[in-house]
Structures are given as C-alpha cells and as structure tokens.
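If you read the protein sequences in the order shown, they are chains A and B.
First residue of the first sequence? That's 1 in this note's numbering, and the numbers climb one at a time after it.
First residue of the second sequence? That's 1001 in this note's numbering, and the numbers climb one at a time after it.
Built from N, CA and C at the ideal position, the CB exists for glycine as well.
Below: one structure, written as structure tokens.
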Amino acid sequence: MKPRKTKYLKKVLSKKSFAIYPAKNHHEFYFLVVDGIKQHIYTYFSHGKKEYDKKLMGEVKKQLKFPTSQQAESYFDCPMSGSAYVELMRKIGELPDDDDNGDSD
Amino acid sequence: MDNNLLHELKKIAIRFHIDPQNTVGHAARVGTIIRVLSDVNKSYKNFLEVEFNKNENFVKVYEKNDKILSTFLDELDLLAVDLNFSSFDIAVAPNIVGSQSSLFKDDVLIWKKDSFESYKTLITGDFSNPKYMKEVSDKYSDIERKQIYKPLFSSIGTSNQYKINIKNNAGKVVRTLRKPTNEKIKFYLPKIENTKKIATEKTVLAYIKMKDRGEEDFDIKKGNIKEVLHVEELEYDTYPFSPDYVEFDGTAFILDRELSCEVSYEENNYILRNEEFDLTVWGDSREEVEEAFSFSFYSLYLNFYSESDNKLSKKAQILKQKLKTTIKEVINETKKD
C-alpha cells in the first residue's frame, strides 16, 4: 500500500463509519459503528507519526479487515464509501447481516 | 623456614623501628605496632599491584587467568624475619628466596626481587623532596600514587605519638618517616574524579539450562544457571511483551494471566501485536509501543468492557466477555482520590 498522511487517514475514517474514542496523550482509538452498534473492528493511531509508510499502511489494512490491498486503497482514496465498506465486511463475514446485530440477536 | 633462607631474607629486609614518644621506656603500644605493620603491608601490596599492571607479560597472563595476581600477592606477603622487642625493631621481607609458584619461573623471581628493592627505595625516600616527587610523578598516575601512599601515610603517626625509623642492616637509622606538608600531600593523595564508567546496556536473547526448583518464576541468578546454551544480541528491543498488569491514564488493570504479545522492528517502527484481542500498535521506541498497547487495552475497556450489550454487536459482545474474564480487577486511581 502506498504511504499516506495520518491526518488524511483519520479524516477518511471519521467520515466512513468510524468513531474516535478515546484520544489521549498522542494516541487515538478508532472503532467501527454501524447503526449505532459498536463493532469489533478497530484500529490504533498515533499522533507521533505524520505519515504512515507502506508497513504501517499494511497494519491498518489488516486491522480494518480488508481482504486485499486494492480494496483498502479504494477505501482510503475515496471511491469506496463507508456503506460499501460495511457491505464488504458483511460479505466476508466480519459483520452480521443487516437484521442480525446487537441484542436483537 | 630454613635458617639460611631466613638469613638471606634478613639481609634484604626493611627494618622498622617504632619509637613511641609518650610511653614508659618508649615501649610500643600493641595497637600502634599492628596499625603500622598493617598499613605498610597494604601500601606494599598496592605497590605490587600497580607494578604488576605495568608489566605487559603479566597482564597478558592475567587476561587468561585472573587468579594470577592474587597468587602473586599471597606469595609476596611480608614476613617478620627479625624482631627486637626492647626497642621494637622489626625486619620485614617477602619470601623471595624460597620456592615459588612455577608460573613464570626465573623472570618472575627477578621481578619480585626488583620490585621489593624498588619499594624499599620508595619507602626510604624523602617524601618532601621535589626530586623524589618528580620521580614519583613520572612513574605513577594519580590513582596509583594514592593506592601506594595513602596507607603508607596512614601508618605515620603524629610526632608526639611515635616515630617510625627505617634502619639499615647495621642498625643505623637511614630515614625517619615524616608526612609531607598538607600542600605536598595533595600531590600524593590527589582527589580522584569519579570516572566510574556508566555501563552501557544491550539486550540479548539467551537460552539457558536452569536448575528446576519447582517454582513458577525463574530466578536467573548465577547459582541456578546450569548452562548457557545460546546467547544472541538483539539489534532492537524485540523481546516478547507479556504484561499481567496494564495501566493507562490512572486506570490500572490486574489481569488473570500474562498476555502474549509479539514485538518486531520493521522499517523503523516497533510493532507490537496481541492476537487474542486483535490489537496492533506501533511506535518509534519500545517504550512508545508498550504505552500504545496500554492505551489500546484501556480503549477496549472503555468501549466494550463498560458498554451495555445492546450497544454492542455479537462479536463485540464476545470481545467484552473475553475482557471480563481476562481483567481480574480494575483500579481507578482518579476515583480513589
């Protein structure tokens, strides 16, 4: 994956279904929220680095459960929307189907 | 000891006459005798050590066998080879005429004899004489001077206590030991700057065969190590991280076991990974990455452990249960205050 500015990455995550909490002492924790339900998909960000190199982009990709780098690139480069990402996670079994979420199980 | 050998030693010995100033008939106090002889012996031993370290051949052997120096010093203990109680004259000499260790043979015997002669010259010199001081300065460093002269000056009492005379074989006083002036004492006993080297550290990976003492924790002290099987220096601090206690921002977690985390160093990043909680964090240093892990674990606690089930997906609820079984106790320092 190509290197990206962390500022940009965080902006994308915030726009595409990820919530940030907590953010303390240069650290940030992003987790996925779908229809108000917290999911088990999350990633860590550090203020210490202004840019994530290929290696760290690869780690973010794994944390966000992207099966391929191409899909991750598409997500961060914007063609893939937040809802498309959620659909992808459902498709690969990471997220439950629409009507199979939270305590409604 | 053979009488002939003793006779030989008497001939080469240093003769001290301890002359107390305020005792009945100038009889020497036992304490004074012990102190003087002990200090002179110490000064002589230190002198030998200094001279030993100036000898390249000895140093080479010492690097292979560090017991060589202590063997030397033991062999060269000063012996009282003659004694006259009435005036407290005592002659001392190391045993350099009897049988010796065969470690170095003739060269060593010559060195031992020469070094004792050198010490005799040193102790019978005029400590206040600039020429003598110059010679000492040329030969010995600050630390070496201090090693040799500190015990020697300690043996010299004040003039109203006792005098130490050094006599020749004929019984004639050749020198009365006197401490130099305070100014000159600074030359012999300089203040040594604390040059203690700060030990640098390195991280090594070691495989050790240890005595099994049936304990859960490993006590890696020398006595428990049977064999070091393999040691490898780590280029980076990439040894595993196994916390059973995590703390972040005033909240501490006591865990029911150690969490297993792998640490790697790739492309200038420390990366720490815990499979069980699917946590991957990174940082520029080992400290940073460990802190990032603590932060992330704390984040899981805030977002999942403390969250009601109806706000969590099924998989997030499983994560919550895993956290509940892993965290034995939560200590919130801010709440405690």
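The CB of V1050 (chain B) never comes closer than 7 Å to any CB in chain A; the least such distance is about 53 Å.
A Cβ-Cβ separation of about 14 Å leaves L1302 (chain B) out of contact with Y44 (chain A) under the 8 Å criterion.
Residue ranges of uninterrupted beta strand (DSSP E) with 3 or more members, entirely inside the region 1149–1231 of chain B and ordered along the chain, are 1162–1167, 1173–1176 and 1204–1210.
S14 (chain A) is classed as exposed because its beta carbon has fewer than 16 other beta carbons within 10 Å across all chains shown. The beta-bridge partner set that DSSP reports for T1280 (chain B) consists of B:R1273.
Under the three-state reduction of DSSP output, N1003 (chain B) falls in the helix class. The alpha carbon of S1296 (chain B) has as its nearest neighbour, out of A:K7, A:L64, A:Q70 and A:Y42, the alpha carbon of A:Y42. I1156 (chain B) and G1223 (chain B) have their C-alpha atoms some 45 Å from each other. Not a single CB atom of chain A sits nearer than 7 Å to the CB of D1256 (chain B).
Taken in chain order, the members of the region 37–55 of chain A whose beta-carbon sits within less than 7 Å of a beta-carbon on chain B are I37, K38, Q39, H40, Y44, S46, G48, D53 and K55. Along the region 1288–1299 of chain B, going in chain order, the ones with a CB nearer than 8 Å to a CB of chain A are E1288, E1291, A1292, F1295, S1296, Y1298 and S1299. When the five nearest sequence neighbours on each side are left out, the beta carbons in the same chain lying within less than 8 Å of the beta carbon of S46 (chain A) are those of T6, H26, H27 and E28, in order along the chain.
Per DSSP, reduced to three states, the secondary structure at D1066 (chain B) is coil, with no helix or strand assignment. Against E87 (chain A), chain B offers no close residue; the least beta-carbon distance is about 15 Å (beta-carbon pairs closer than 9 Å).
A Cβ of chain A is located within less than 7 Å of the beta carbon of L1302 (chain B). Rounded to whole angstroms, R1286 (chain B) and A1292 (chain B) show a C-alpha spacing of 10 Å. Along the region 1275–1288 of chain B, the positions whose C-beta sits under 8 Å from a C-beta of chain A are D1278, L1279, T1280, V1281, W1282, G1283, D1284 and E1288, read in chain order.
Residues K16, S17 and Y75 of the same chain have their beta carbon placed closer than 7 Å to that of Y85 (chain A), with the five preceding and five following residues left out of the count.
In this structure, DSSP gives F1116 (chain B) a helical state, which the three-state scheme calls helix.
Annotated three-state conformation of S17 (chain A) is coil, per DSSP. Within the region 1305–1328 of chain B, the residues whose Cβ lies closer than 9 Å to some Cβ of chain A are E1307, S1308, D1309, N1310, K1311, L1312, S1313, K1314, K1315, A1316, Q1317, I1318 and L1319, listed in chain order.
Straight across, the Cα-Cα distance linking Q1147 (chain B) with A1093 (chain B) is about 20 Å.
In this structure F1304 (chain B) does not touch L1272 (chain B) by the C-beta definition: roughly 20 Å separates them, more than the 8 Å allowed. Using a CB distance cut-off of 7 Å, E1262 (chain B) does not count as an interface residue toward chain A.
Residue pairing by DSSP places K91 (chain A) opposite no residue, since no beta bridge is assigned to it. Residue-level contact check: Q71 (chain A) does not touch chain B, since none of the beta carbons of chain B fall below 7 Å from its beta carbon. Residue-level contact check: P67 (chain A) does not touch chain B, since none of the beta carbons of chain B fall below 7 Å from its beta carbon. Look at E1247 (chain B): its C-beta is not under 7 Å from any C-beta on chain A.
Straight through space, the alpha carbons of A1091 (chain B) and H1007 (chain B) are spaced by roughly 11 Å.
Residue pairing of Y1265 (chain B) in beta bridges, as defined by DSSP: B:Y1270. In the three-state DSSP reduction, K1146 (chain B) falls in the helix class (H, G or I).
Shown here for F1058 (chain B): same chain residues with a beta carbon closer than 6 Å to its own, the five before and five after excluded, namely F1052 in chain order. Those residues of the region 1–24 of chain A placed with their C-beta closer than 7 Å to a C-beta in chain B are Y21, P22 and K24, ordered along the chain. Assigned with DSSP and collapsed to three states, D1074 (chain B) falls in helix. Cβ neighbours of K1324 (chain B) within its own chain (closer than 8 Å, five residues either side excluded): Y1305. In this chain, the alpha helix (DSSP H) harbouring Q71 (chain A) covers S69 to F76.
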